[in-house]
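Colleague:
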Amino acid sequence: MTTVIEHARDSHTPLRADLSPTDALVLSCLVYVDFHALPGPRSPRGCLLREVAQASSIPSLYRYSLASHADRPLLEAAGASARFGGLRVRDAVTRLTSRPLAQFGAVTFVDEAGATYVVFRGTDASAVGWAEDARFALDFPTDSQRWAANYLEYAASRTDGPITVIGHSKGANLALYAAAATPPALEHVYAFDPVGFPAPVVDGGFFTSIDGLMRIYVTAGSWVSPLLPLPAPATVVASSWPGPLSHNPYAWRCQRSSLAPDHRPPSRSGLFLRAVLSALLRARPTRNGTT
Numbered sequence: 259m260t261t262v263i264e265h266a267r268d269s270h271t272p273l274r275a276d277l278s279p280t281d282a283l284v285l286s287c288l289v290y291v292d293f294h295a296l297p298g299p300r301s302p303r304g305c306l307l308r309e310v311a312q313a314s315s316i317p318s319l320y321r322y323s324l325a326s327h328a329d330r331p332l333l334e335a336a337g338a339s340a341r342f343g344g345l346r347v348r349d350a351v352t353r354l355t356s357r358p359l360a361q362f363g364a365v366t367f368v369d370e371a372g373a374t375y376v377v378f379r380g381t382d383a384s385a386v387g388w389a390e391d392a393r394f395a396l397d398f399p400t401d402s403q404r405w406a407a408n409y410l411e412y413a414a415s416r417t418d419g420p421i422t423v424i425g426h427s428k429g430a431n432l433a434l435y436a437a438a439a440t441p442p443a444l445e446h447v448y449a450f451d452p453v454g455f456p457a458p459v460v461d462g463g464f465f466t467s468i469d470g471l472m473r474i475y476v477t478a479g480s481w482v483s484p485l486l487p488l489p490a491p492a493t494v495v496a497s498s499w500p501g502p503l504s505h506n507p508y509a510w511r512c513q514r515s516s517l518a519p520d521h522r523p524p525s526r527s528g529l530f531l532r533a534v535l536s537a538l539l540r541a542r543p544t545r546n547g548t549t
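Numbering of the sequence shown is given in my numbering, commencing with residue 259 and proceeding in unit increments.
#1: Sort L333, F450, P441, R473 by Cα distance to S314 and report the nearest one.
#2: Quick check on this structure: which residue in P523, P524, A496 has the alpha carbon closest to the alpha carbon of T280?
#3: Using the Cβ count rule (16 or more neighbours within 10 Å means buried), how would you classify E264?
#4: Short of 7 angstroms in beta carbon distance, which residues of its chain neighbour T548, apart from the five on each side in sequence? Order them along the chain.
#5: Quick one: what's Y475 bridged to in DSSP?
#6: Which partner residues of P519 appear in the DSSP bridge assignment?
#7: Taking the alpha-carbon positions, what's the L410 to E370 distance?
#8: Can you tell me whether A328 is helix, strand or coil according to DSSP?
#9: Compare the Cα-Cα distances from R357 to each of R321, R514, G387, L345 and report the closest residue.
#10: Classify S427 as buried or exposed, calling it buried when 16 or more other Cβ atoms lie within 10 Å of its own Cβ.
#11: For F394, report the span of its alpha helix (DSSP H) as first-last.
#12: To the nearest angstrom, how far is it from the Cα of P456 to the Cα of H270?
#13: Taking only three categories from DSSP, how would you classify A350?
In structure tokens, the structure reads:
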């Protein structure tokens with residue numbers, strides 16, 4: 259079994275509209291690099307990932323990187339690989355605001371066959387990012403969810419090819435929301451250990467339009483995905499890190515194009531935290547806004 263960095267480094271066939279779950283996991287990790295720090299990736303035309311990797315020593319690319327991540331090694335491995343180096347990186351966005359309280363990051367990758375991958379960033383190392391997380395149980399939709407829907411609509415307007423939406427953690431929540439709120443012609447939605455949604459949203463049919471397109475993966479030890487209901491059944495995958503640390507996607511185990519399965523039951527700690535959160539939410543219902 260391998261890690262996402264090893265998969266990126268050792269893949270020798272260019273990505274041409276043949277995205278695998280492991281490829282999607284690589285892209286969900288790459289978005290933690292702040293591509294918006296460079297003029298090329300944040301422009302509408304963009305530039306190649308291998309060109310960004312040549313600037314991998316620039317510290318601002320990792321200003322919001324989590325200490326547990328290996329964003330620079332992944333950028334360098336993906337930029338040098340035949341599979342990912344030819345991806346065009348464009349329309350990179352990083353947005354942090356205190357009013358409204360929101361952290362948002364997104365980037366669009368386009369492969370050599372014209373397939374488009376819209377990727378949303380999860381909670382990063384910014385203080386705003388961590389402070390915002392509680393809003394996902396209390397408000398729907400959040401400001402960052404609305405921004406994600408707007409971003410996906412814009413990305414869809416710029417391509418005639420297939421679109422896949424991807425994210426990890428909070429980024430997976432944004433991917434699921436955006437795909438359901440403004441559904442273009444989508445191939446799949448890959449959600450890796452996502453933050454879930456208030457029960458009335460899931461039970462109310464909000465995600466009906468993307469039934470059959472969602473590919474949700476979680477780890478047995480996660481404390482993130484069990485907290486709130488998910489809009490589709492999840493596949494449990496293996497991590498080399500224990501318990502809640504398994505949320506880190508760099509520790510997930512890959513088997514070539516697939517993610518290694520884990521047949522253990524979900525963490526009892528995660529289920530206990532969900533029960534506590536559910537009790538709290540009964541006392542303080544979710545605020546619903548305009549979707």
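All C-beta atoms in this analysis are idealised placements derived from N, C-alpha and C, irrespective of residue type, glycine included.
Modeller: The answer reads as follows:
#1: Ranking L333, F450, P441, R473 by CA distance to the CA of S314 puts L333 first.
#2: Taking only the C-alpha atoms, the option nearest T280 is A496.
#3: Result: exposed.
#4: At T548 the pLDDT is 45, less than 50, meaning the model places this residue with poor confidence; the figure from the coordinates comes in the next sentence. Close CB contacts of T548 within its chain, under the 7 angstroms cut and outside five residues either way in sequence, are absent.
#5: Secondary-structure assignment with DSSP links Y475 through a beta bridge to F450, T493.
#6: DSSP lists V495 as partners of P519.
#7: Going by the C-alpha atoms only, they are around 20 angstroms apart.
#8: Coil at A328, not helix or strand.
#9: Nearest C-alpha to R357: G387.
#10: That one is buried.
#11: Annotation for F394: the continuous alpha helix (DSSP H) segment containing it runs 393–396.
#12: Going by the C-alpha atoms only, they are around 42 angstroms apart.
#13: For A350, the secondary structure class from DSSP, reduced to helix, strand or coil, is strand.
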